[in-house]
Amino acid sequence: MHPFIKSSLSKLNFELGRNPKVEQTRDYRRFIPAPYKAVFTLSADFELAWAWRFSKGLADPVEGAKRKARLARWNMPDLIRLCDQYKVPVTWATVGHLFLDSCECKEGIPHPELARLKHFENGYWKFAEGDWYKDDPCSNFRDAPEWYCPDLLDMIQQAQVKHEIGCHTFSHIDCRDAVCPPEVFRQELMECRRLAEQRGVDLKTFIYPAHTVGNQEELPKLGFSNYRTNLGNILGYPVHHGNGFWEIKSSFQLEWRRDWSVDYHISRTKRIIDRAIKHKTLCHFWFHPSFKREYLEQVLPPVLEYLNERRDDMWLTTMAEYVDWLNGEIKEVKGEKVKAMVP
Ligand SMILES: [Zn+2]
Ligand SMILES: [Zn+2]
Numbered sequence: 000m001h002p003f004i005k006s007s008l009s010k011l012n013f014e015l016g017r018n019p020k021v022e023q024t025r026d027y028r029r030f031i032p033a034p035y036k037a038v039f040t041l042s043a044d045f046e047l048a049w050a051w052r053f054s055k056g057l058a059d060p061v062e063g064a065k066r067k068a069r070l071a072r073w074n075m076p077d078l079i080r081l082c083d084q085y086k087v088p089v090t091w092a093t094v095g096h097l098f099l100d101s102c103e104c105k106e107g108i109p110h111p112e113l114a115r116l117k118h119f120e121n122g123y124w125k126f127a128e129g130d131w132y133k134d135d136p137c138s139n140f141r142d143a144p145e146w147y148c149p150d151l152l153d154m155i156q157q158a159q160v161k162h163e164i165g166c167h168t169f170s171h172i173d174c175r176d177a178v179c180p181p182e183v184f185r186q187e188l189m190e191c192r193r194l195a196e197q198r199g200v201d202l203k204t205f206i207y208p209a210h211t212v213g214n215q216e217e218l219p220k221l222g223f224s225n226y227r228t229n230l231g232n233i234l235g236y237p238v239h240h241g242n243g244f245w246e247i248k249s250s251f252q253l254e255w256r257r258d259w260s261v262d263y264h265i266s267r268t269k270r271i272i273d274r275a276i277k278h279k280t281l282c283h284f285w286f287h288p289s290f291k292r293e294y295l296e297q298v299l300p301p302v303l304e305y306l307n308e309r310r311d312d313m314w315l316t317t318m319a320e321y322v323d324w325l326n327g328e329i330k331e332v333k334g335e336k337v338k339a340m341v342p
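What follows is the structure, given as structure tokens:
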């Protein structure tokens, strides 16, 4: 479809209230704590070079991946500063390898103790030859900053606003059942958990790389309380999958769209926030920290400023904290007594 037609249709669907799709419930207070009218959570797929090394859309995927990583590194200090300025917490779904200061090849093989995926292809990636870890530099965060970032994790943990660190697998795998055996999934997530614990982090939120949903039944067994799905843009309610384990639906991706003006980016995003408050829903935005600099500098500040202005109507929280409230583990929000929901 011609980009102009696609962009016009998107604008029309937005004006007609079709995108995001708005769900209805009889009892929104099961999902929105009093005195709020809506809940807002924000997640980042935090991966540096790991997400893009098998990208079909890049001519030289490994070089392209490193470029993305450098852009994310450039953006991160400003992102953390803006979140502090407007007191907006983020759930950073972090690739486990980024927790490492360094790693070493053993007899020429990176991470020989971890099980690998077999070769596969999906809509985004083609892994057709060699070892899954063939681009791992077996180096350290100073010499190969695209593949490790203890320094950025320090920055997240030392920020004024209380962010959450979540999980995005150890090496950004395709998690679908047809591609990923449960043993690979378990090993990846247990390695993330081991490394996160060294930072005092208990991983609760899981975000699937490239939305490759699979192996869900393993998540609660491995200690996770929730995961995100991207089934179109939805303003609605989380789904309880039993035993305090929840699915959070995304509402909108924060990214630079070539066919939108800066003003349109800002006004559309603010109006999604308004709709969440009007319809009394959960609103979940997500982004890649490697998004374009224009977005970070021109669109994000007014959007975060607006969230800060609406914080009396909207509970701004992290995914894990929200799920703790859903599970009755948090009884008070913002100093006000709230009725806890027992699933
Ligand atoms: Zn490594
Ligand atoms: Zn990712």
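Here the numbering used here is used: the first residue of the sequence shown is 0, the next is one more, and so on. The beta carbon of each residue, even a glycine, is placed where N, CA and C say it ideally should be.
- Query: For Tyr27, which residues of its own chain have a beta-carbon under 7 Å away from its beta-carbon, when the five flanking residues on both sides are left out?
  - Reply: Lys279
- Task: Could you say which of Ala209, Leu218 and His239 lies nearest to Leu230 if we only look at CA atoms?
- Result: Ala209
- Counting along the chain, where does the alpha helix (DSSP H) carrying Tyr207 start and finish? Unbroken run through Tyr207: none, as it is neither H nor E.
- Task: Specify, as a first and last residue, the run of the alpha helix (DSSP H) that Gly63 falls within.
- Result: Pro60 to Tyr85
- Query: The beta strand (DSSP E) spanning Thr24 covers which residue range?
  - Reply: Counting along the chain, Thr24 falls outside any beta strand (DSSP E), and DSSP gives it neither H nor E.
- When DSSP labels each residue in this structure, what does Asp153 get in the three-state scheme? helix
- Compare the Cα-Cα distances from Arg175 to each of Gly199, Leu152, Thr204 and Gly213 and report the closest residue. Gly213
- Query: Can the beta-carbon of Val89 be found less than 7 Å from the beta-carbon of His162?
  - Reply: yes
- Task: Please check the pair Leu306 and Leu315, which I expect to be a contact at CB under 8 Å, by giving their CB distance rounded to whole angstroms.
- Result: 6 Å
- Task: Rank Gln159, Leu194 and Val322 by C-alpha distance to the C-alpha of Tyr85 and give the top, closest one.
- Result: Gln159
- Can you give me the Cβ contacts of Lys336 inside the same chain, cut-off strictly under 6 Å, excluding the 5 residues immediately before and after it? Because Lys336 sits at a pLDDT of 49, beneath the cut-off of 50, its placement in the model cannot be relied upon, and the following sentence gives the value as read from the coordinates. Closer than 6 Å at Cβ, skipping near neighbours: no residue.
- Task: Have a look at Val322 and Trp245 and give me their C-alpha separation to the nearest angstrom.
- Result: 7 Å
- Message: Please report the straight-line C-alpha distance between Pro2 and Tyr263, rounded to a whole angstrom.
- Response: 16 Å
- Item | Contact under 7 Å by Cβ, Leu202 with Cys148 | no
- Which of the three DSSP states, helix, strand or coil, is assigned to Pro109? strand
- Uninterrupted alpha helix (DSSP H) stretches inside the region 284-332 (no shorter than 4 residues): 299-308 and 318-325
- Query: According to the Cβ coordinates, are Phe53 and Phe119 closer than 7 Å?
  - Reply: no
- State the beta-bridge partners of Tyr263 as determined by DSSP. None; Tyr263 has no bridge partner.
- Please look up how many angstroms separate the CB atoms of Leu281 and Pro237, rounded, as I've assumed it's under 8 Å. 6 Å
- Item | Buried versus exposed call for Asp59 [16 or more other C-beta atoms within 10 Å across all chains shown] | exposed
- Task: Could you pull the start and end residues of the beta strand (DSSP E) that Val38 belongs to?
- Result: Ala37 to Phe45
- Among Ile31, Lys248, Ser266 and Leu15, which residue has its Cα nearest to the Cα of Trp324? Ile31
- In DSSP terms, what Glu182 is bridged to: BP columns for Glu182 are empty, so no partner.
- Query: My guess is that Phe223 and Thr204 are in contact by the Cβ rule of under 8 Å, so how many angstroms apart are they, rounded?
  - Reply: 7 Å
- Task: Return the residue from the list Glu293, Ser289 and Val298 that minimises the CA-CA distance to Ala43.
- Result: Ser289
- Item | Candidates Arg192, Arg198 and Glu293, of which the one nearest Lys220 by Cα | Arg192
- Distance cut 7 Å, beta-carbon to ligand 1 heavy atom: residue list by chain order: His96, Leu99, Cys102, Pro109, His110, Tyr132, Asp135, Cys137 and Trp146
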